[in-house]
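As numbered in our numbering, residues 42 to 291 make up the sequence shown, in order. We treat Cβ as the ideally placed atom computed from N, Cα and C, and that holds for glycine. First comes the structure, then the notes that go with it.
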Amino acid sequence: LFVWLVVQALHDLGDSLSLDRFKPLFDAIAALKSSSPASSLSEAPATPADLAKFTRWFSSNSGIINKNVTLASHLAEGTGLIATGPIKEGELVVSVPIHLMMTELAAIDSLTTSAPSLKSVISHFPELALQLMLIKEKHTPGSFWESYIRVLPKSYTTPLFWSWEEFKELEGCTGALFDSLKCIRVIAQQFIYVFEFLQGAQPGSSDRFIPPTAFTWQEFIWAVSTVMTRKNRVLKPTGMSDGDDGAGAG
């Protein structure tokens, strides 16, 4: 029911960028969030044990971290790398092999192999590949990416996490307000598109690559924001085929 409130709000909104016209969409999203089941996964910040597990996973898969660099949490900026000793100019700090990068092309290949019908969704929204892969792997027990996903932030300060009151504070800042409203509208449209795809899939079929109960608004904006804040264009290493190039989240 609450999903269809979002659908109706998007229909009524049309192409408008009037802040007041967005209020029904915000109300519908708030109702959708309140109706979503609580996640069975831990939403607590990464612990020292999580960081140690990630470091072991990274190193055991050919990742290299300088001996004078360590991974730390609870920094003002979040979790990240800090220097614990001198690093010479030109010295290697971190080396990430391509197979430890979530690339867009690898995500498309993985998703459409396990759920062939998903090609129709990806063809409309190619940028969804990394986002859906994150949600899928987050809810896959024993996933190869579990150690990485566990140290990611649990929430963000992107517009997708802003309240109506916070959006109101942008009144008068036309450019920033319009860009933020467009973002909310596009992500809501994409959410509905994927939600309808999952709901239309037969129980137990490969097209239910994410359990419907795991595909919530909160999980979706978490994945979108993870990709928004971490996606970079990766240069193709010498010797790799053309199909291996692509953007990656890391």
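C-beta atoms of residue i and residue j nearer than 8 Å
i, j, result
"C87", "S114", "The residue asked about is misnamed: residue 87 is Ala in this sequence, not Cys. It is a contact, given that the beta carbons lie within the stated cut-off."
"V192", "T144", "no"
"P261", "F238", "Reading off the sequence shown, one finds Phe at residue 261, where the question assumed Pro. No; because the gap between Cβ atoms is not below 8 Å, this pair is not in contact."
"S221", "P200", "yes"
"M174", "V275", "no"
"N107", "V135", "yes"
"F202", "V44", "no"
"W258", "S196", "no"
"L51", "Q230", "yes"
"L146", "L152", "no"
"D53", "P65", "yes"
CA-to-CA distance, residue j to residue i, given in whole angstroms
i, j, result
"G213", "L60", "11 Å"
"T254", "L112", "33 Å"
"Y189", "P182", "14 Å"
"L294", "W98", "What the structure shows of the chain is the stretch from 42 to 291, and residue 294 is not part of that stretch, so it cannot be assessed."
"L73", "H180", "20 Å"
"K223", "I176", "23 Å"
"E206", "R62", "14 Å"
"D68", "E132", "52 Å"
"A242", "I228", "21 Å"
"I139", "K272", "14 Å"
"K94", "I149", "27 Å"
"L116", "T125", "14 Å"
"S76", "Q240", "17 Å"
"D285", "A170", "Note that D285 scores a pLDDT of 46, beneath 50, so its modelled location is shaky; the value from the coordinates is reported in the next line. Their Cα atoms are separated by approximately 15 Å."
Local conformation of residue i per DSSP, three classes
i, result
"R249", "coil"
"V235", "helix"
"M142", "coil"
"K195", "coil"
"K94", "helix"
"L222", "helix"
"H115", "strand"
"T17", "In the structure as shown, the chain starts at 42 and stops at 291, and residue 17 therefore has no counterpart that could be examined."
"V275", "strand"
"V135", "strand"
"G287", "Bear in mind that a pLDDT of 46 at G287, under 50, signals an unreliable position, so the number given afterwards is only what the model happens to contain. Correct three-state label for G287: strand."
"G55", "coil"
"I106", "strand"
"T181", "coil"
"E210", "coil"
Among the options, the one whose alpha carbon lies nearest that of residue i
i, options, result
"Q322", "F256, F219, K223, L66", "One cannot answer for residue 322 here, as it falls past the ends of the chain, which runs 42 to 291."
"L122", "E130, V110, L133, I128", "V110"
"R249", "E118, D56, S155, S100", "S155"
"E178", "P127, I139, I251, G216", "I251"
"F166", "S57, V265, S76, V48", "V265"
"W186", "A71, A85, T96", "T96"
"A296", "G104, P127, P194, E168", "The requested residue 296 does not occur in the structure, where the chain is confined to residues 42 to 291."
Cβ separation of residue i and residue j, assumed to be a contact under 8 Å, to the nearest whole Å
i, j, result
"V162", "Y234", "6 Å"
Residue-chain proximity (residue i, chain D), Cβ-Cβ < 8 Å
i, result
"W45", "Any reference to chain D falls outside this structure, which holds one protein chain only."
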